[in-house]
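These notes are about the structure you will find just below.
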Amino acid sequence: MIAVKKVVLDVLKPHHPNALEFCLALSAAIENSTVKVNVIAVDEKTESLEVFVKAEIIDFDLIQGVINQMGGALHSIDAVVVRNEPDA
Amino acid sequence: MIAVKKVVLDVLKPHHPNALEFCLALSAAIENSTVKVNVIAVDEKTESLEVFVKAEIIDFDLIQGVINQMGGALHSIDAVVVRNEPDA
Amino acid sequence: MIAVKKVVLDVLKPHHPNALEFCLALSAAIENSTVKVNVIAVDEKTESLEVFVKAEIIDFDLIQGVINQMGGALHSIDAVVVRNEPDA
Amino acid sequence: MIAVKKVVLDVLKPHHPNALEFCLALSAAIENSTVKVNVIAVDEKTESLEVFVKAEIIDFDLIQGVINQMGGALHSIDAVVVRNEPDA
Amino acid sequence: MIAVKKVVLDVLKPHHPNALEFCLALSAAIENSTVKVNVIAVDEKTESLEVFVKAEIIDFDLIQGVINQMGGALHSIDAVVVRNEPDA
Amino acid sequence: MIAVKKVVLDVLKPHHPNALEFCLALSAAIENSTVKVNVIAVDEKTESLEVFVKAEIIDFDLIQGVINQMGGALHSIDAVVVRNEPDA
Amino acid sequence: MIAVKKVVLDVLKPHHPNALEFCLALSAAIENSTVKVNVIAVDEKTESLEVFVKAEIIDFDLIQGVINQMGGALHSIDAVVVRNEPDA
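Heads up: the protein sequence lines correspond to chains A, B, C, D, E, F and G, in order.
Note that numbering that gives the first Met the number 0 has the first sequence beginning at 0, numbered continuously upward.
Note that numbering that gives the first Met the number 0 has the second sequence beginning at 0, numbered continuously upward.
Note that numbering that gives the first Met the number 0 has the third sequence beginning at 0, numbered continuously upward.
Note that numbering that gives the first Met the number 0 has the fourth sequence beginning at 0, numbered continuously upward.
Note that numbering that gives the first Met the number 0 has the fifth sequence beginning at 0, numbered continuously upward.
Note that numbering that gives the first Met the number 0 has the sixth sequence beginning at 0, numbered continuously upward.
Note that numbering that gives the first Met the number 0 has the seventh sequence beginning at 0, numbered continuously upward.
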């Protein structure tokens with residue numbers, strides 16, 4: 000099985016929802032996951048987030064959907080880790 | 000279950016209560032927690048704190064309430080970690 | 000047996016396919032592998048990737064083929080690890 | 000139980016008692032503790048100490064009392080760690 | 000027994016054979032070894048390599064022979080580790 | 000029991016006895032100890048040493064005595080660690 | 000027993016014997032040892048080596064003898080570790 004295990008994303012979002020709400024919404028979309036959000040820069044109307052997602056299997060489309068629903072924009076994909084493992 | 004496991008906060012507070020009293024008050028509000036307070040800057044009337052809270056489940060509203068009761072202000076959320084785990 | 004265990008590559012690619020699709024395609028070509036892609040620089044038409052591949056046995060020609068199919072170019076080989084182990 | 004587990008203090012003291020005697024006096028006041036003193040700066044009449052205290056339970060008033068008895072002054076509290084654990 | 004366990008070498012080589020082929024050739028010459036090649040600098044006609052060899056027993060003459068066969072030149076020995084162990 | 004577990008000392012000494020002899024003399028005075036001496040600066044007539052002593056129990060007067068016997072001078076105490084443990 | 004466990008030496012040597020031969024000769028003189036040689040600087044006629052020796056018991060006179068036999072000169076002792084352990 001080939002599975003995305005980790006992604007690091009650069010995301011721009013409005014001040015609301017805040018980083019906590021943003022992180023909770025991402026987490027709710029991905030089972031067995033750890034989501035970490037670092038607030039990198041705060042501007043007048045927006046915040047830049049560094050978002051780390053680690054999970055058994057990451058459905059990237061789901062992540063992108065949640066980011067958009069929260070009013071955010073995926074600025075770039077900064078890192079990706081994929082594992083190709085034999086099926087058990 | 001989706002639970003906030005860690006938050007890093009940037010907090011502004013008056014000199015009194017001091018960092019020790021501030022840290023104790025936050026800890027009292029969150030069971031099974033570790034609260035760490037670093038004093039980052041000391042100005043004439045205020046102190047900037049970096050506050051780390053780690054716990055099994057963090058109730059963020061409770062934290063914000065304690066900060067306000069102590070005369071402090073939550074300046075920003077700097078990092079959040081959320082885990083989505085299957086229920087036992 | 001002599002096996003390439005790890006390579007670090009400097010790759011230039013167009014914006015599409017994106018880093019995630021690029022990483023998935025490399026992973027699919029190498030069994031029992033971990034592929035990590037860091038996006039190092041983003042220019043108007045291209046992206047520079049640092050690509051780490053770790054696997055039991057890396058077939059380098061296969062990697063080069065996938066990079067070319069994705070419209071990328073292998074700019075340089077930055078590191079290689081090879082192990083010479085007695086056959087079991 | 001809520002217990003202060005660690006404090007980092009910035010302390011100013013005269014040259015005598017020396018850092019060793021200062022450290023021993025603090026240690027004697029806190030059971031099951033480790034006290035570490037780093038001498039950060041030495042001026043004509045005073046020394047600046049960074050004092051780390053780690054213990055099962057830190058009684059902060061006791062620490063402050065010892066610092067004063069030794070002719071020192073608590074300049075600031077630089078860090079505090081508090082744990083809230085269920086009673087055994 | 001006295002055995003060379005590790006050497007770090009500074010090697011200059013032409014662009015061909017490439018770093019992968021170079022690393023494979025070194026590995027083939029030393030049983031039970033790990034050979035790591037980092038490409039440090041790329042000039043018009045040559046590449047500078049940092050070559051790490053770790054093995055149970057390193058036969059240094061063999062390494063030097065392979066470097067020369069590949070058209071490379073041993074520029075310097077940067078580090079050596081030797082162990083003197085009682086015979087089993 | 001309250002015991003000094005570690006001290007870091009800044010010591011000035013003449014070139015003879017050398018760092019090895021100095022280290023051996025300190026070690027001989029403290030049972031179950033590890034003594035590490037780093038030579039920090041070498042001047043025309045003197046050497047500055049950073050001396051680390053770790054032991055179950057450090058008798059500081061003994062250390063000071065040895066330093067003086069060797070013709071050295073304790074320039075400053077840079078760090079001290081003391082443990083207060085319940086008696087077994 | 001009091002034993003020198005580690006020494007770090009700054010050694011100057013001619014280009015021949017090379018670092019590998021130098022390291023082997025030191026290792027041969029000290030049983031159950033690990034000797035590491037880093038070449039720090041290469042001048043027209045000489046090389047500066049940082050030599051690490053770790054062993055159960057280091058006979059320092061033996062080391063100094065080998066350095067001299069190889070045409071080298073002990074420039075300075077940079078660090079020493081001595082342990083004082085109860086006899087078994």
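By construction, the Cβ of each residue, glycine as well, lies at the ideal position given by its N, Cα and C atoms.
Within a 10 Å sphere around the beta-carbon of Leu8/C sit 16 or more other beta-carbons, which makes this residue buried.
Secondary structure remark: continuous beta strand (DSSP E) runs of at least 3 residues inside the stretch 9 to 46 of chain E, in chain order: 32 to 41. When only Cα atoms are considered, Val38/F and Asp77/B end up about 43 Å apart.
Using a Cβ-Cβ cut-off of 8 Å, Ser26/C is close to Ile1, Val81, Arg82, Asn83 of chain A, given in chain order. With its beta carbon less than 7 Å from one in chain D, Ile76/F belongs to the interface.
Listed in chain order, the non-local C-beta contacts of Val65/G below 7 Å within the same chain comprise Ala24, Leu25, Ala28, local neighbours out to five positions each way being set aside. Within chain B, no C-beta atom comes nearer than 9 Å to that of Lys44/A; the closest sits roughly 15 Å away.
With fewer than 16 other Cβ atoms inside 10 Å of its own Cβ, Lys44/D counts as exposed. The contact set of Leu23/E on chain C, defined by CB atoms closer than 9 Å, consists of Ile1, Val3, Val79, Val81 in chain order. A contact between stretches requires three or more CB pairs, one per stretch, nearer than 8 Å, and the stretch 4 to 22 of chain D fails this requirement with the stretch 46 to 57 of chain C.
Contact between Val79/C and Ala18/E is confirmed by a C-beta separation of about 5 Å, below the 8 Å threshold. According to the DSSP assignment, Asp77/A belongs to the beta strand (DSSP E) that extends over 72 to 83. Distance between Asn67/C and Phe21/E, taken at the CA atoms: about 23 Å. Counting the other Cβ atoms within 10 Å of the Cβ of Asn31/E gives fewer than 16, which makes it exposed. Exclusion of the five residues before and after Met69/F leaves Lys12, Pro16, Glu20, Phe21, Ala24 as the residues of its chain whose Cβ lies within less than 8 Å of its Cβ. In its chain, beyond the 5 residues on either side, Ala18, Phe21, Cys22, Leu48, Val50 have a beta carbon closer than 7 Å to the beta carbon of Val36/A. Residue pairing by DSSP puts Glu49/D in a beta bridge opposite Asp9/D, Asn37/D. For Met0/B and Ala87/B, the gap between their C-alpha atoms comes out near 9 Å.
The closest CA to that of Lys4/B, considering only Pro85/B, Gly71/B, Glu46/B, Asp58/B, is found on Asp58/B.
Residue range 59 to 68 is occupied by the alpha helix (DSSP H) that includes Ile62/D.
Distance between Val6/F and Leu73/G, taken at the CA atoms: about 29 Å. Against chain B, the CB of Phe59/D has a partner CB under 7 Å away; the residue lies at that interface.
Between Ser75/C and Val41/E, the beta carbon gap of about 6 Å places them in contact (Cβ cut-off 8 Å).
For Val41/C, the residues of chain A that pass the 8 Å Cβ criterion are Ser75, in the order they occur in the chain. Taking CB atoms only, Lys12/B has no neighbour in chain D less than 7 Å away. Bridge pairing for Ile1/G: Asn83/G [DSSP].
One alpha carbon belongs to Ala2/B, the other to Asn83/B, and they sit about 7 Å apart.
Cα atoms of Glu46/A and Ile62/A: separation of roughly 18 Å, rounded to the nearest angstrom. The beta carbon of Gly71/D is closer than 6 Å to those of Val10, Lys12 in its chain, skipping five residues each way along the sequence.
Among the CB atoms of chain G, none fall inside 7 Å of the CB of Ala87/F. Separation of Pro85/B and Asp60/E (C-alpha to C-alpha, rounded to the nearest whole angstrom) is 58 Å. With a threshold of 7 Å between beta carbons, Asn17/G makes contact with chain E.
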